[in-house]
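> Heads up: the sequence shown is residues 968 to 1096, going by the working numbering.
A virtual CB, placed ideally from N, CA and C, is assigned to each residue, including glycine.
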Amino acid sequence: MKKILINGYLGKMGQSVNDAIENSDAHEAIFYVDLNSKITSNCSNDFEKISNNVIDDIDCIVDFTNSNGFIESALFAMKNNIPYVSGSTGYSSENLEKIKDMQSKNKVGVALCSNFSTGAILLAHLGKI
């Protein structure tokens, strides 16, 4: 079973990810991070407060936040060699280059998949036309 940390779990997409994980036999949400959360044994509002025991158990970080949450969670993932998936938007090209550089150095899997919605995909397609 893959153990997942969800960043931005109190948001709409974070809750959707959590629901999908709860309905999966192959995945388990073991830790949650959100700027607005209370600190508990499986939840934090700051990556710096996550214990090493938890870090060692994380198989992947899924991020659905904003540009600040994106960079914070991506740097945490790269620093700890944890595969990283993000659906966040609004990050700068400078932030993106920093993540690409760290990913290349650390050889950590990264998937940046912003704007999952059908409308966003359609607009991107129409923009190319």
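1) Ends of the beta strand (DSSP E) at S1053?
2) Report yes or no: is there a C-beta of chain C within less than 8 Å of the C-beta of D1001?
3) So, helix, strand or coil for K1074, using DSSP?
4) On a Cα-Cα basis, can you pick out the residue from I971, G1054, A1078 and L1079 that is closest to D1024?
5) Between I1022 and Y1051, which are expected to be in contact by the criterion C-beta below 8 Å, what is the C-beta distance as a whole number of angstroms?
6) Out of S983, E1064 and G975, state which residue places its alpha-carbon closest to the alpha-carbon of N1003.
Taking the geometry as given:
1) Y1051 to S1053
2) Among the protein chains of the structure shown there is no chain C, as only one such chain exists.
3) In the structure shown, K1074 sits in coil (DSSP, three-state: anything other than H, G, I, E or B).
4) I971
5) About 13 Å; that fails the 8 Å criterion.
6) G975
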